[in-house]
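4 protein chains.
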Amino acid sequence: MATNKELRIGLIGCGFMGRTHSNGYLRVKNFFPEQQYKPVLKAVCARTESKARAFADQWGYESIETDWKKLIARDDIDAVDICTPNDMHAEIAIAAAEAGKMVLCEKPLARTYEESLGMVNAIEKAGVKNTVWYNYRRLPAVTLAKQIIDSGKLGRIFHYRANFLQDWTINANLPQGGEGLWRMDAAVAGSGVTGDLLSHCIDTALWLNGSITTVSAMTETFVKERVHQLTGNVQPVGIDDACSFMCRFKNGSLGLFESTRYARGHKALYTFEINGENASIRWDLHDLNRLEFFDNADQSVLKGWRSIHVTDGDQPYMNRWWVPGLGIGYEHSFVHQVADFMQSLETGGSCSPTFREALETNQVCQAVLDSAAEGAWKTIH
Amino acid sequence: MATNKELRIGLIGCGFMGRTHSNGYLRVKNFFPEQQYKPVLKAVCARTESKARAFADQWGYESIETDWKKLIARDDIDAVDICTPNDMHAEIAIAAAEAGKMVLCEKPLARTYEESLGMVNAIEKAGVKNTVWYNYRRLPAVTLAKQIIDSGKLGRIFHYRANFLQDWTINANLPQGGEGLWRMDAAVAGSGVTGDLLSHCIDTALWLNGSITTVSAMTETFVKERVHQLTGNVQPVGIDDACSFMCRFKNGSLGLFESTRYARGHKALYTFEINGENASIRWDLHDLNRLEFFDNADQSVLKGWRSIHVTDGDQPYMNRWWVPGLGIGYEHSFVHQVADFMQSLETGGSCSPTFREALETNQVCQAVLDSAAEGAWKTIH
Amino acid sequence: MATNKELRIGLIGCGFMGRTHSNGYLRVKNFFPEQQYKPVLKAVCARTESKARAFADQWGYESIETDWKKLIARDDIDAVDICTPNDMHAEIAIAAAEAGKMVLCEKPLARTYEESLGMVNAIEKAGVKNTVWYNYRRLPAVTLAKQIIDSGKLGRIFHYRANFLQDWTINANLPQGGEGLWRMDAAVAGSGVTGDLLSHCIDTALWLNGSITTVSAMTETFVKERVHQLTGNVQPVGIDDACSFMCRFKNGSLGLFESTRYARGHKALYTFEINGENASIRWDLHDLNRLEFFDNADQSVLKGWRSIHVTDGDQPYMNRWWVPGLGIGYEHSFVHQVADFMQSLETGGSCSPTFREALETNQVCQAVLDSAAEGAWKTIH
Amino acid sequence: MATNKELRIGLIGCGFMGRTHSNGYLRVKNFFPEQQYKPVLKAVCARTESKARAFADQWGYESIETDWKKLIARDDIDAVDICTPNDMHAEIAIAAAEAGKMVLCEKPLARTYEESLGMVNAIEKAGVKNTVWYNYRRLPAVTLAKQIIDSGKLGRIFHYRANFLQDWTINANLPQGGEGLWRMDAAVAGSGVTGDLLSHCIDTALWLNGSITTVSAMTETFVKERVHQLTGNVQPVGIDDACSFMCRFKNGSLGLFESTRYARGHKALYTFEINGENASIRWDLHDLNRLEFFDNADQSVLKGWRSIHVTDGDQPYMNRWWVPGLGIGYEHSFVHQVADFMQSLETGGSCSPTFREALETNQVCQAVLDSAAEGAWKTIH
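Protein chains in written order, with full-length UniProt numbering: chain A, 1 to 381; chain B, 1 to 381; chain C, 1 to 381; chain D, 1 to 381.
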């Protein structure tokens, strides 16, 4: 750790997630000014030098690297932030941990449960601070949902359901793999919507509703062949375009999950709902400042779903921003995670989800994919 | 009054409102079976015999008339229901009252305040039962709004606003006047949207929020000339296509009202909202089974507008219909008004709004039209 | 068949469904006046004479029976309408068919696929007119969805999902079985939410999206024991309180269905959504006059889900009712089915779903229950 | 102007607006990296040194001032950004202009039309770049509305309506004036909701729908006396708590506007709607990423309001942010205005609204306040 309580960041990967994290590091200084630890954008790494250079210029990184191993080896880096495609997560994270660096890793941990387990073991052996970027937990409405559930207002839980619906891969002429499209290459991504989208739904579900014990899943690849950008050949598509699963939670509730990139009309419709004996909660990423809440304790003739606009100063994180009624956006979830990570350095706690906590999501994903492959229920716990 | 507690109805007018009322009379037997008084469809009157005959066949009226004076003169009619264009309301109502008949009159009472006042005087002199068909009061969600307000939950009232937005007369080729279009003929209708649509908004407002003391209004006729169906000539349009007004209520709150037939995209969007110190209420005719309610007494971080689906047995009128969650429609407001009228015969009370109560709406309408004509505030009380 | 084109109805069962059907028969005369065949409420049958008498008085049935076999034997009955609990459907339907009566049967056909198959065979052997009351098909918005799909606007279908969420049995003190609660007695109902609620979702899905080929299901009974109203004893609950299933349709699309009576805050939230290559459709029973539609052919920056208020005269069935913007309710779906049945007498066609068509829903329900019991995928076709 | 195309900013005022502007300056570098001009946070000015110091530390300003005249006199300042209470706008802006500085001024220009006119004259005489922070124009959905209107899709305009509803001053114990509450002190703010909230509505309306010619307004102060923070005395409240007005636009359309801080349940509900012959548009600040659009050219049975989620790369400003479906927030409107101001330096154009353009909003506000005071229609043009 640097003196002055700087946290010197080395970012690996300059894609979409590299941008969201960089923005998070830059803004936390303005909106969480009282924190002792301040992120410093020390270095960014990309294979292509020009790309690294442009990114560093845009975001204010002090230096660049083109070999991630060199970045990890640098003494002036306290924490490594992994924003590469999924197939590089494990190798980098393990190396970074072994080098004694803190590790902040994009989700999902890795392509398979096995690969993810290796990362967790390495991190825990090294004893370094770590977190996984399941950012949606830190949207104020989602955090408020967690607080309501923890308060016990819902009573016994009966149902949990979540969807993540997109429509961006319907066009059969969209190529697979390569620049900007590695999420469609099974070798790189590990899976399709399961690792990319359902992992978010599962992370939130485990956080809000506890462990999943058994699953039965179904997957489909609607477009069977696509041109691969790297080879130029038409190749079989290896990822799951859509995945649904039913499950049971440890607390006795039933779960139902669905994700697809073929739901025409939905861009990023992540929704979840939880039904308890005494109250229910719903949320929708397309209207992310709002939480819907039904309280059965309300007066009989006046019961109804409340549309809570989560923009008041006494609601999670919102004392940092503007005034009541003025919404924030997607990117703020990353600012909040950076802030919570910085806070964890100060308090000595952990910044959830840790690698260990995130591993359970990979475990569920693995069971889901196995169940779909075998056409049978799979037991997790 | 007939023995057997029959209420023998004579209906004058076979248009849209004739249908809604007839349906109301027919259904009340099935859904309010315990009531002592039962409507009997004794006679229907229309100028054209074939039209009266077809209507009688369709709705089960026992006989027809082509001269409303004959209908009123019949001994076997207890109550006269006036569904004619507005220009006939006064003459018929006054004659019916003088003949000792109960009178149920379509809204608005008449074309002007003066004309309406004559009707009220005649009705009160005759001492006959009467009601005016401001049907929206009896949609369950609107009645629930009244109950909430009467309970005092809102505290001091600050604001009342209402809109009634339609788009059916935008086409400049739509003719005016005559069959199906008398609402566009100022001589027949008295006014345009003010008497037709704003009168509904005003009736609800007076019921929910008390008297209006002063108004400032603005009207516009967007299409200045239209072919008149009866003359075949292009003639100036005399009605107001749109009307807005600001007002003050006796209770100190401010009002804002708007109505138009030129709001592209809205078919019959009647909405109102009332803001009180402690709570607020909103309603929308396009989603008529729902009432929105905000209660400032809710726990701070969980405050939000509640969407109350008014379909439970303990909500107004809903014990008569189906099971929770299954909505009713526009027409049910008329069934409820018939039921309440029948009940008033049994209990000896009145069925609001009476002619006297409805007169206040005409008074406000008159002040609104006068204000718009003069470009000045008008005082009512 | 009676002369005068009367259709003389004998109704068996005076519960909730007896009311909705009776209302349908009564109203069709007013709103479909041009039809040749007119329903006549000839007789109603209930085990308890006083109950049958009260129902006949309320709805205008000419006579009563307390033994359904006598009703079926009457010469003055053309059509038998079965509104009994599910365990009586088969016996009555088969006897009615054998007596040459037309049969209109409440859904689902029977408790099991086997039992339902017997009914279909009997009906087809007798060659009598028949229909099953899957009423939701005839809500205007749902019929419009069918028309859009049939027009080919959606292109290749990827996803179908439907939910039917209620919350009325959460209270563990609610007894099971007996008067008003036979839906909670497995011996009478055959199953819980699967036959009661999912059957509606499945009927609509088969109609809109074609046959289902394979299913994997999960059921749960949250409250394991309840007092039985008839015995007074605490007894095991045999029904499914909740049921979810995944499936594949013949057209290659994926399905996801869920039903429960434990979703706090939802009274009767039947929703469905279908995602096609070019367009998508959504619907929600709590806002039944509305259909949501996304058309990918809309101009790029202006694409969005359209909220279609299905109340215009050129939309299905709506030329029968009021004027644009004025909604109808749940009960109208039954009026429409009666009208379509009457029309089928005139045209010689069938009134869907026929017993044969409805059998497929029972087949899917059976596969769902079997799958849940066995924890394995089941193949239907 | 500095070499290197720096734009050296001097910010005066450290309140809520100081924060939103500072954030705008800081972020534009990351999200508009190709721009030649880059804002540099040179100095911030506040009367209290410790406050200025803390603000400078939090936002990265290089230096501080406690006397705004010194800030204006500095050679290393290119542009002065005025975030003070309204009563200081004119003096500072005029002095800054005379000193040859560019001026970016918070809205409204000043307390009165007269005062504002003086600012415009000074700015134009000095010939310096200028803009007024009517930030809502640059929310992507609002900019999209402008583009739709400019494309002519709406045809002849009939109606424009806008509301800005808040509820934060209902509590009668809230003091007036002083730190954080200058908006409630008429001497400082000039007016209440008219200058604060209606000015936003008017700015958008003038931009989207052209000039307003006549107005009739009504204002109210619900709580007549409040403790003043600075004097400690109970004093009369001079501001308007609520203001409504009707108006006519030059294009022949009718306008209706309302603003209040007494609408319980609404935090910052700025909504507008515009109805044209062929299409209509609606927007709502509480759901700021969405635009509602009704196109009468859609196929008859499929017409409906479209809910456009304005988060695609081809929609205004959204190519700068994330991926489709992921919303942005309130603060982004300021980032966009900074970016457009920087762009105007590069292109030589102006950044709307200029002082001259913003003056028209003050003119309307003045007419509104005069109309309310006099109880008469006021003519503007």
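The beta-carbon is built from N, C-alpha and C at its ideal position, and this holds for glycine as well.
- Proximity of Gly10/C and Ala43/C at Cβ, strictly below 8 angstroms: yes
- How would you label Pro236/D, buried or exposed, when you count the other beta carbons within 10 angstroms and need 16 or more for buried? exposed
- Message: According to DSSP, is His228/C part of a helix, a strand, or is it coil?
- Response: strand
- Item | Under the three-state DSSP convention, the category Lys70/C falls into | Assignment of Lys70/C by DSSP, reduced to helix, strand and coil, places it in the helix class.
- Query: Would Leu345/A count as contacting chain B if we go by Cβ distances under 8 angstroms?
  - Reply: Judged by the 8 angstroms Cβ criterion, Leu345/A is not in contact with chain B.
- Answer yes or no: does any C-beta atom of chain A fall closer than 8 angstroms to that of Glu331/D? yes
- Item | Amino acids of chain D, ordered along the chain, whose beta-carbon sits closer than 7 angstroms to that of Thr311/A | Lys267
- Task: Indicate whether at least one CB of chain C lies closer than 8 angstroms to the CB of Met246/A.
- Result: yes
- Task: Under 7 angstroms Cβ to Cβ from Met1/C, same chain only, skipping five residues before and after it: list those, please.
- Result: Any reading at Met1/C must be qualified, since the residue scores a pLDDT of 40, below 50, and its modelled position is unreliable; no value is offered.
- Report the neighbours of Val301/B on chain A: residues whose CB is nearer than 9 angstroms to its CB, in chain order. Leu144, Gln147, Ile148, Ile308, Val310, Asp312, Asp314, Gln315, Pro316
- Answer with yes or no whether the minimum CB distance from Gly327/C to chain D is below 8 angstroms. Not one chain D Cβ lies under 8 angstroms of Gly327/C.
- Whole-number beta carbon distance between Ser216/D and Met246/D, since they are thought to touch under 8 angstroms: 5 angstroms
- Query: Does the stretch 359-374 of chain B come within contact of the stretch 107-115 of chain B, defined as at least 3 CB pairs closer than 8 angstroms?
  - Reply: yes
- Assign Arg161/C to buried or exposed, taking buried as 16 or more other Cβ atoms, counted over all protein chains shown, within 10 Å of its Cβ. Classified as buried, Arg161/C has 16 or more neighbouring CB atoms from the shown chains inside 10 Å of its CB.
- Under the three-state reduction of DSSP, which class applies to Ala2/C: helix, strand or coil? The pLDDT assigned to Ala2/C is 42, lower than 50, so where the model puts this residue is not dependable, and the model offers no usable value.
- Would you verify that the beta carbon of Phe16/A is, or is not, closer than 8 angstroms to some beta carbon of chain D? yes
- Task: Below 8 angstroms CB to CB, which residues in the same chain sit around Phe31/A once its five sequence neighbours on both sides are set aside?
- Result: Arg320, Trp321, Val335, Ala339
- Message: Beta carbons nearer than 9 angstroms to chain E: which residues of the stretch 57-88 of chain B have them?
- Response: No chain E appears in the structure shown, which is made up of the protein chains A, B, C and D.
- Message: My assumption, with CB atoms under 8 angstroms, is that Ile12/B sits in contact with Asp81/B. Please give the rounded CB distance.
- Response: Correct: roughly 7 angstroms between the Cβ atoms.
- Residue from Ala172/B, Glu331/B, Leu144/B, Thr84/B whose Cα sits closest to the Cα of residue 382/B: Any question about residue 382/B goes unanswered here, given that chain B covers just 1 to 381.
- Query: Are the C-beta atoms of Thr20/A and some chain B residue less than 8 angstroms apart?
  - Reply: no
- Proximity to Arg264/B [Cα-Cα], best of Glu258/D, Ala205/D, Ala172/D, Arg282/D: Arg282/D
- Give the residues of chain B in contact with Ala279/D, contact being defined as C-beta atoms less than 9 angstroms apart. Arg264, Gly265
- Does Met218/B have its Cβ less than 8 angstroms from a Cβ in chain D? yes
- Nearest chain A C-beta to Phe293/B closer than 8 angstroms, yes or no? yes
- Task: Go through its chain and collect everything with a Cβ distance to Glu179/C's Cβ below 7 angstroms, but skip five positions before and after it.
- Result: Around Glu179/C: Gln229.
- Item | Exposure of Thr231/D, with buried meaning 16 or more beta-carbon neighbours within 10 Å | exposed
- Asp240/C and Ser280/C: beta carbons closer than 8 angstroms? no
- Message: Suppose you measure from the CA of Gly348/C to the CA of Tyr270/C; what does that come to, to the nearest Å?
- Response: 33 angstroms
- Query: Are Gly304/B and Arg156/B close, meaning C-beta to C-beta below 8 angstroms?
  - Reply: No; because the gap between Cβ atoms is not below 8 angstroms, this pair is not in contact.
- Task: Give the interface partners of Thr231/C over in chain A, defined as CB-CB distance under 8 angstroms, in chain order.
- Result: Within chain A, no residue comes near Thr231/C; the closest Cβ sits about 27 angstroms away, beyond 8 angstroms.
- Query: Leaving out the 5 sequence neighbours to the left and right, which residues in its chain are closer than 7 angstroms to Cys291/C when beta-carbon positions are compared?
  - Reply: Looking at the sequence provided, one finds Leu at residue 291/C rather than Cys. So the qualifying residues of the chain are Ala141, Leu144, Ala145, Ile281, Trp283, Ile308, Val310.
- Leaving out five residues on either side along the sequence, give the residues of the same chain with a beta carbon under 8 angstroms from the beta carbon of Glu374/C. none
- Query: Taking contact to mean at least 3 C-beta pairs separated by less than 8 angstroms, is the stretch 206-220 of chain D in contact with the stretch 242-256 of chain D?
  - Reply: yes
- Message: Assuming contact is defined by CB atoms lying nearer than 8 angstroms, are Pro33/C and Gln58/B in contact in what I supplied?
- Response: In this structure, Gln58/B lies closer than 8 angstroms to Pro33/C by Cβ.
- Task: Would you list, in chain order, the members of the stretch 100-120 of chain D that have their beta-carbon closer than 8 angstroms to a beta-carbon of chain B?
- Result: Within the stretch 100-120 of chain D, no residue places its CB atom closer than 8 angstroms to a CB of chain B.
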